[in-house]
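**Student:**
In my numbering, the protein residues as written are 2 to 135.
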């Protein structure tokens, strides 16, 4: 099995007949795929379990207000980050592809924040000029 890995990094050429051919032949980058150890996936699964338990503990301990929602959102973002980085293999992708997938949701959040600020300004303007209501 040691002959089949390229550079000892767990990269195996696809569509080769024999292990000794893979070690001697030059393999094009498109024909190499990377295998990750099962331990990595088990560790990430364990962290997802711990973060989910922490998220449920927020409800169990009865936290209220901004602390509750901040903790829930922090745990949610951490879990989503782990899933995207490891299970969707974004940690091993090119930076351009990572930006293409991660940047749009960040921009959506920025635009939502802008709309929230604009909504407060619009409400303040309506109350100032039209009164508080019927």
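Ideal placement from N, C-alpha and C gives every residue a C-beta, glycine not left out. Please read all numbers here as calculations on a predicted model, not as lab measurements.
1) If I'm right that residue 49 touches residue 83 with Cβ under 8 Å, what's the distance once you round it to whole angstroms?
2) Tell me where the alpha helix (DSSP H) around residue 71 begins and ends.
3) Is there a C-beta anywhere in chain D that falls below 8 Å from the one on residue 68?
4) In terms of residue numbering, what span does the alpha helix (DSSP H) encompassing residue 50 cover?
5) Measure the alpha-carbon distance for residue 76 versus residue 128 and round it to whole angstroms.
6) Just to confirm the assignment, what range does the alpha helix (DSSP H) spanning residue 202 have?
7) Evaluate residue 87 with the Cβ neighbour count: other Cβ atoms within 10 Å of its Cβ, from every protein chain shown; 16 or more gives buried, anything less gives exposed.
**Tutor:** Taking the coordinates as given:
1) 6 Å
2) 66-83
3) The structure shown contains no chain D; it holds only a single protein chain.
4) 39-61
5) 38 Å
6) Because the chain here runs from 2 to 135, residue 202 falls outside it and cannot be looked at.
7) buried
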